[in-house]
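Chemist:
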Amino acid sequence: MKFLINGRVRFVVLLAVALAAVAVVSAGAAPRGANGQITFARFNQTLGDTQVYVVNPDGSGQRLVQAPTDTGEFPRWFSDGAHIATCCPLPGGGSWIINPDDGTSRIVDGQ
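When you line the sequence shown up against our numbering, it's residues 6 to 116, in that order.
(1) In three-state DSSP terms, what is V59?
(2) Determine the DSSP secondary structure at L69, reduced to helix, strand or coil.
(3) Considering only their Cβ atoms, is the gap separating T91 from W101 smaller than 8 Å?
(4) For S100, which beta-bridge partners are listed by DSSP?
(5) Excluding sequence positions up to five away, which residues of its chain have a Cβ less than 8 Å from the Cβ of N40?
(6) Nearest CA to the CA of T109: which residue from E78, S84, G99, Q71?
(7) Counting along the chain, where does the beta strand (DSSP E) carrying R47 start and finish?
(8) To the nearest angstrom, report how far apart V59 and D106 are at their CA atoms.
(9) With DSSP run on the structure shown, which of helix, strand or coil describes P80?
(10) Assign P62 to buried or exposed, taking buried as 16 or more other Cβ atoms, counted over all protein chains shown, within 10 Å of its Cβ.
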């Protein structure tokens, strides 16, 4: 009986950890780039636009990597960790590829 209770407790703890991990990932922060930084998007109500940022895992070093234009939704690091891709609300879809080092970007056609 003691084993069964311990098994249930272990299951509940693992389930809670898994749900917490899903909540963190779905909160808008993307997995880390090659430099360990996290990318995220923030809506600027004053400008009426979304901006892309990078930040260190401890919260320090936050900086804007893209000027405010309609290009910064759902940022994700490329597998090489050197560039960020974002969804684009343009007709026909597409994505923007951003260089976080200098903020330059280019569109990749979604059609």
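Here a beta-carbon is modelled for each residue, glycine too, at the ideal position from N, C-alpha and C.
Modeler: A quick look at the data gives this:
(1) In the sequence shown, residue 59 corresponds to position 54, counting from 1. In this structure, V59 counts as strand in the three-state DSSP scheme.
(2) On the sequence shown, position 64 is the one that residue 69 refers to. Strand at L69.
(3) By one-based count along the sequence shown, residue 101 stands at place 96. By one-based count along the sequence shown, residue 91 stands at place 86. A distance below 8 Å separates the beta carbons of W101 and T91.
(4) Here residue 100 refers to the residue found at position 95 when the sequence shown is read from its first residue. C92, V113.
(5) As a position in the sequence shown, residue 40 is number 35, starting the count at 1. G86, listed in sequence order.
(6) What you label residue 109 is simply residue 104 of the sequence shown in a count that begins at 1. Relative to the Cα of T109, the nearest Cα in the group E78, S84, G99, Q71 belongs to Q71.
(7) Numbered from 1 along the sequence shown, position 42 holds the residue referred to as residue 47. Per DSSP, R47 belongs to the beta strand (DSSP E) from 43 to 49.
(8) Taking the sequence shown and counting its residues from 1, one reaches residue 59 at position 54. Taking the sequence shown and counting its residues from 1, one reaches residue 106 at position 101. V59 and D106: Cα-Cα distance of roughly 10 Å.
(9) The residue you call residue 80 lines up with position 75 of the sequence shown. In the displayed model, P80 falls within a strand according to three-state DSSP.
(10) Here residue 62 refers to the residue found at position 57 when the sequence shown is read from its first residue. Answer is exposed; the Cβ neighbour count stays below 16.
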